[in-house]
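Structure, as structure tokens:
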Amino acid sequence: MTTATSPPRVALPEFDHGRAGLGDQVRSEWTKLRSVRSTWICLVIIVVAGIGLSALVSNIEAGRWAVLGFGDRAQFDPVRFSQTGEFLSQFVVGVLGALIITSEYATGSIRTTLSTTSRRTTVLAAKLLVIGAVIFAVSEVTAFASFFVGQAVLLAHGGKALPAGSTILDQVHSATIPVVSITDGGALRAVFLCGVYLLLLTLLACAIGFVIRHTAGAISAFVGILLVLPLIVQILPSNLSSSFEKFLPSNLGLAMILVTSRKTDFAGVLLTPWAAAGLLALYTAAVVVLAGWLLVRRDA
Amino acid sequence: MPVITATRITKTYGSTRAVDALSFDVRPGVVTGFLGPNGSGKSTTMRIVMGLDRPDSGVVTINGKRFGELRWPLREVGALLEAKALHPGRTAYDHLLSMAHTNAVPKGRVDEVLGLVGLETVARRRVGKYSLGMSQRLGIASALLGDPGVLLFDEPVNGLDPEGILWVRTLLQGLAAEGRTIFVSSHLMSEMALTATNLVVIGRGQLIAETTVEDFIASNTEATVRVRSPGVEALAAALRDAGAVVVLHDDGELLVTGFDAARIGDVAHSAGVALHELSPLQASLEEVFMELTSDMVDFHGHSPIEVAT
């Protein structure tokens, strides 16, 4: 083998001016994200689980409508049934969000990443932008597809849309399975916020990954926040737990997808959808700031 | 004018002082070897140069700038730090492409460096299936990707076969001949003797020597001269009388230290003894290095016999 190192035949652009920036890092992070199998597996699970569970659960619930009592009929929420897959997807996006940074720490390739940039926060920003954009796009498409599939299943069971302005009482007394149109009060917002919820959880998990730097640790922390924290809050004295409960990330997610125009039983127990989205964004921003602060200060 | 300048860098992990007030310069145009036993702080130093670890005190500059001040790091300094630090599920091509994007290096350069290290036929294979030698070549490709003027290699010949070692040696010398600054670490002194021109030698994080390979050997070796003569006994006695240290081997070979060849010849002449051989011996870099760092190695190996007694 020869040692032809010599000046490259492929001319590199001048680098007397400018600097490696966010745009360059975003292209790099996109290349990294698309070039590993786990990304595509996670995205396929989100889409398939989202649409599949929507069809399955809507089908089951449609079959039960005729035998439901008044209380259960009041709880009958065609929008929420169509978004059942979100419960599974929140863990999938958490794993993917954490993995894109913890896998770099696990393999040591974080040192390659950080030795190509002199501003470490650029790496954090680029990762959040890329994973956020991908998850948001896939989640929104899945949420809307799931919504329409779910309503189509209810229609196939003889469901009918309730007249505009119907209350929860109209739903309870309805002879047919209530089907929701995307233009019905709150439906569009609820479906849209499903994607926002998954987006915020992805960014939260990624930021946790930057802080904890170990795959198992980061995913445990993420799952703990969604599943274990509510259990801990529940065993607190009831006056305490009821004041904390609505601020739990999992309940913020619930608040974001409820179609509250027909719901009364959660009033006061949950925040309003947009307030819930805002608070979850605030939690996420706080962990992102911590992640950036640590990334700049810690040894790689 | 040195390109890499380290000034009194110190780094402590817990209670271990990995690098201790270390200062050195690395100049362009030659290969500078960075020598030290395992655990002497070479890798820590290299991570500090690359801005990955922050020293407790002291500063390292590349072309007069700290790493954090470089605007196009990949194009100014390339490094092979750990060959196996790769996502196993990614192909070599995608790994290099993701690096190239960070500093606006065109795609064509990725193919070029893959060809340069001889990985073009396996570039689309996942790197998890690579041997250590292939990973080393990929690491060298990533260091060269931005065509930088400064290159750092941490133990680049690990896992390479003899042909690969020769290839790396020639590559490093070729890069240096192009005027680049090459800083390459190794715990293999014999390898450095063949590859490097300048040396930075450390032990337990401290500087032992900063010199050229030639001077390092010369100044740390007590000259030994091998002498053969039909009258060894008489010659040995004469040399001892003159103050030299003489070892007489069974096969009639004399090893003389303290006197250079000319003086031994003079002594032989005045003693009236003929000489059949008079050859100065040069200690290998390995021997010199072992001698110098023997009290600076953290983990000494013991032979089983030693332990038994």
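Order-wise, the sequence lines are chains A and B. Reminder that position 279 of the first sequence reads as 587 in the working numbering, one-by-one numbering, no gaps. Reminder that position 307 of the second sequence reads as 469 in the working numbering, one-by-one numbering, no gaps. Note that the Cβ used here is the ideal one computed from N, Cα and C, for glycine as well. Values in this document were obtained by computation on a predicted structure and should not be read as measured data.
Residue closest to residue i, alpha-carbon to alpha-carbon, out of the options
| i | options | result |
| --- | --- | --- |
| A:V438 | A:G329, A:S558, A:S346 and A:L511 | A:L511 |
| A:V365 | A:A328, A:S549 and A:H465 | A:H465 |
| A:T523 | A:D478, A:G405 and A:I485 | A:G405 |
| A:A513 | A:F530, A:L501 and A:G525 | A:F530 |
| A:R419 | B:G213, B:N225, B:R299 and B:P310 | B:G213 |
| B:T253 | B:G311, B:N265, B:E238 and B:D273 | B:D273 |
| A:E394 | A:E412, A:R606, A:A599 and A:L361 | A:L361 |
| B:E353 | B:Q335, B:L369 and B:L410 | B:Q335 |
| B:A433 | B:A385, B:S391, B:E231 and B:S456 | B:S391 |
| B:A400 | B:G195, B:I224, B:T357 and B:V429 | B:V429 |
| B:G240 | B:T455, B:Y175 and B:S304 | B:S304 |
| A:P308 | A:D478, A:I443 and A:A563 | Because chain A in this structure spans residues 309 to 608, residue 308 of chain A falls outside the shown range and cannot be described. |
| B:E453 | B:G405, B:R233, B:V435 and B:S381 | B:S381 |
| A:A584 | A:L477, A:L560 and A:L602 | A:L560 |
| B:L276 | B:K227, B:V435 and B:D256 | B:D256 |
Sheet register partners of residue i (DSSP bridge)
| i | result |
| --- | --- |
| B:F186 | B:A168 |
| A:I349 | The partner list for A:I349 (beta bridge, DSSP) is empty, contrary to what the question assumes. |
| B:F315 | B:L242 and B:V346 |
| B:S441 | B:R388 |
| B:N360 | B:T194 and B:T374 |
| B:S219 | B:T172 |
| B:K127 | With chain B covering only 163 through 471, there is no way to say anything about residue 127 of chain B. |
| B:G365 | B:Q368 |
| B:R288 | B:T253 |
| A:P486 | A:K468 |
| B:T419 | B:T386 and B:V407 |
Residues near residue i by beta carbon distance below 8 Å, same chain, minus five either side
| i | result |
| --- | --- |
| B:R189 | M163, P164, V165, T343 and N360 |
| A:T310 | Its pLDDT being 44, under 50, A:T310 is placed unreliably by the model, and the measurement read from it follows with that caveat. Closer than 8 Å at the Cβ level, and outside the excluded window around A:T310, lies no residue. |
| B:V387 | L417, V418, T419, F421, D422, A423, I426, L440, S441, P442 and L443 |
| A:E322 | none |
| A:I359 | G393, T450, A453, S454 and V457 |
| B:D182 | T172, G203, R366, G367 and Q368 |
| B:R288 | P250, G251, R252 and T253 |
With 16 other Cβ atoms within 10 Å as the buried cut-off, status of residue i
| i | result |
| --- | --- |
| B:E468 | Model confidence at B:E468 stands at a pLDDT of 43, short of 50, so the residue's coordinates are unreliable; what they give is reported in the following sentence. Exposed: under 16 other Cβ atoms inside 10 Å. |
| A:S550 | exposed |
| A:E369 | buried |
| A:W373 | buried |
| A:V577 | exposed |
| B:H411 | exposed |
| A:Q542 | exposed |
| A:L533 | The question names Leu, but residue 533 of chain A is Ile in the sequence shown. Buried is the call here. |
| B:L194 | One point to set straight first is that residue 194 of chain B is Thr, not Leu, in the sequence displayed. Buried. |
| A:D380 | exposed |
| A:R342 | exposed |
| A:V344 | buried |
| B:G230 | exposed |
| A:F384 | buried |
| B:F196 | buried |
| B:P324 | exposed |
| B:P310 | buried |
Contact under 8 Å by Cβ, residue i with residue j
| i | j | result |
| --- | --- | --- |
| A:T339 | A:V604 | no |
| A:T425 | B:P217 | no |
| B:S219 | B:R170 | yes |
| B:V394 | B:G414 | yes |
| A:V446 | A:V355 | yes |
| B:I379 | B:V267 | no |
| B:L437 | B:V389 | yes |
| A:P486 | A:G467 | yes |
| A:V400 | A:A515 | no |
| B:T264 | A:A328 | yes |
Sequence-distant residues of the same chain with beta carbon closer than 7 Å to residue i, five excluded per side
| i | result |
| --- | --- |
| A:I520 | A526 and A529 |
| B:P318 | L242, Q298, I302, V330 and V346 |
| B:T373 | L361 |
| A:F452 | V499 |
| A:A483 | none |
| A:Q333 | T425, T430, V431 and A434 |
| B:N200 | H349 |
Cβ shell of residue i (< 6 Å), same chain only, five flanking positions each side left out
| i | result |
| --- | --- |
| A:S569 | In this predicted model, A:S569 has a pLDDT of only 48, less than 50, meaning its place in the structure is not dependable; the value taken from the coordinates is given anyway. Same-chain partners within the cutoff: G493 and G494. |
| A:N367 | V461 |
| B:F105 | Missing from the structure shown is residue 105 of chain B; chain B here goes from 163 to 471 and no further. |
| A:V597 | none |
message: What are the residues in the region 405–437 of chain B lying within 7 Å of chain C by C-beta distance?
response: The structure shown contains no chain C; its protein chains are A and B.
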